[in-house]
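Sequential numbering from 214 applies to the sequence shown in this note's numbering. Taking it in order: structure first as structure tokens, then the write-up.
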Amino acid sequence: KEFRNNVKPNWCPGCGDFSIQAAIQRAAANVGLEPEELAVISGIGCSGRISGYINAYGLHGIHGRALPIAQGVKLANRELTVIASGGDGDGFAIGMGHTVHAIRRNLNITYIVMDNQIYGLTKGQTSPRSAEGFKTKSTPEGSIESTLSPLEIAMSAGATFVAQSFSSDLKQLTALIEAGIKHEGFSLINVFSPCVTFNKINTYDWFKENIVNLEQQFPDYDPTNRIAAMNKIMETNGLLTGLIYQNTQRKSYEDMISGFGKEALMKQDLSLTEEHFNKLVAEFK
Ligand code: SF4
């Protein structure tokens, strides 16, 4: 199974996004997918280029709209494994409305956010994930806005799978993407992905010093406990990595639509028979 193609990424050398690309490719192979069984849908930003760098179906969408497109793809063909991906600006600023509603809708999609805490493609402006006091071209005296916590928002929106990782930890990241793909519902995986060109604060070293690895530091942590998950996110100031929360009890959106079927819509017989037609007419008489 070859998820690599011959397109050379034009990310800056050292960008965290390279590892996320590798982790998606490894996870897809590890769960036994074929390239024609995977669709990668992305938004706009440096990270949005990822849909062109993986040998699978890919669609580089518009800013903040990776999730509406991904949900449409999933509803049209639920047999595809659908991964949506983009940056923190894409998903947590312009796309935040879609993110929250996709979470609560719970379609079987894996959403991987490449969180570099800055706008990289437009050459370094403050993003919703930037820390207070963060100085950039758009906030020369330091950001006076509070930092958005996507994990807390996801939990309060009713997420069924919430995880966070670091692009340097390829083993953990690959395992979490595999778990997200296997999860029957929406999985949010936020990944710290350093922007080596414009973010000189949240560097690889900064993350290594500040990250709290749940598995290593809290071996008894129970990711099925919603209250414990919320507490741990707040206790660690959102810097925890690992599987934070998973609810396997709630059915996916597709499984809750009455009569939707397990096959792709294109394989289902959707033709209108005379009986269906007469019933429909009778309803509107
Ligand atoms: Fe990566 Fe930053 Fe370069 Fe964009 S500008 S490719 S986020 S290092």
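In this text, a Cβ means the ideal position worked out from N, Cα and C, and glycines have one as well. Since the structure is predicted, the reported quantities are computational estimates derived from the model, not experimental observations.
Query - Residue span of the alpha helix (DSSP H) that contains H273, given as start and end - result: If you number the sequence shown from 1, residue 273 lands on position 60. Premise fails: H273 lies in the beta strand (DSSP E), Y270 to H273, not in any alpha helix (DSSP H).
Query raised in the report: Which residues bound the beta strand (DSSP E) around G285?
Result: If you number the sequence shown from 1, residue 285 lands on position 72. For G285, no beta strand (DSSP E) segment is defined; the enclosing uninterrupted segment is the alpha helix (DSSP H) at A279 to A289.
Query raised in the report: Who pairs with N403 in a beta bridge, going by DSSP?
Result: As a first step, residue 403 is located in the sequence shown; it is residue number 190 there, counting from the start. The partner list for N403 (beta bridge, DSSP) reads V326 and Q377.
Query raised in the report: Out of G277, G299, V375 and S343, which has the shortest C-alpha to C-alpha gap to L361?
Result: Locating residue 361 in the sequence shown gives position 148, counting from the first residue. It is S343.
Requested in this report: Kindly list the residues whose CB is nearer than 8 Å to the CB of L293, restricted to its own chain and excluding five residues on each side of it in sequence; keep chain order.
Outcome: For the purposes of this step, residue 293 is taken as residue 80 along the sequence shown, with counting starting at 1. These residues qualify, in order along the chain: E250, L251, A252, Y270, V286, K287 and A477.
Query raised in the report: Should D418 be counted as a contact of the ligand SF4 given a C-beta to heavy atom distance under 7 Å?
Result: Numbered from 1 along the sequence shown, position 205 holds the residue referred to as residue 418. The answer is no for D418.
Query raised in the report: Considering only the beta carbon of each residue, do L483 and L389 sit closer than 8 Å?
Result: Taking the sequence shown and counting its residues from 1, one reaches residue 483 at position 270. Taking the sequence shown and counting its residues from 1, one reaches residue 389 at position 176. For L483 and L389, no; Cβs fall outside 8 Å.
**Report entry** Boundaries (first-last residue) of the alpha helix (DSSP H) holding S369
**Finding:** Translated into the one-based positions of the sequence shown, residue 369 becomes position 156. Note, S369: alpha helix (DSSP H), P363 to S369.
Report task. Taking N329 and N412 to be in contact with their CB atoms under 8 Å, please state how far apart those CB atoms are, rounded to whole angstroms. Result -> Stepping through the sequence shown from its first residue, residue 329 is reached at position 116. Stepping through the sequence shown from its first residue, residue 412 is reached at position 199. That belief holds up - the Cβ atoms of N329 and N412 are roughly 6 Å apart, short of 8 Å.
**Report entry** With 16 other Cβ atoms within 10 Å as the buried cut-off, status of M479
**Finding:** For the purposes of this step, residue 479 is taken as the residue at position 266 of the sequence shown. With fewer than 16 other Cβ atoms within 10 Å, it is exposed.
Query raised in the report: Which first and last residues belong to the beta strand (DSSP E) in which S356 is found?
Result: Position 143 of the sequence shown holds residue 356. That residue, S356, is in no beta strand (DSSP E); it is neither H nor E in DSSP.
Requested in this report: Tell whether a beta-carbon distance below 8 Å holds between V564 and C259.
Outcome: A question about residue 564 goes unanswered here, because the residues of the chain that appear run from 214 up to 498.
Query raised in the report: With burial defined as no fewer than 16 other Cβ atoms inside 10 Å of the residue's Cβ, what is the status of Q481: buried or exposed?
Result: Here residue 481 corresponds to residue number 268 of the sequence shown, with the count starting at 1. Classification of Q481: exposed, given that the 10 Å Cβ count is below 16.
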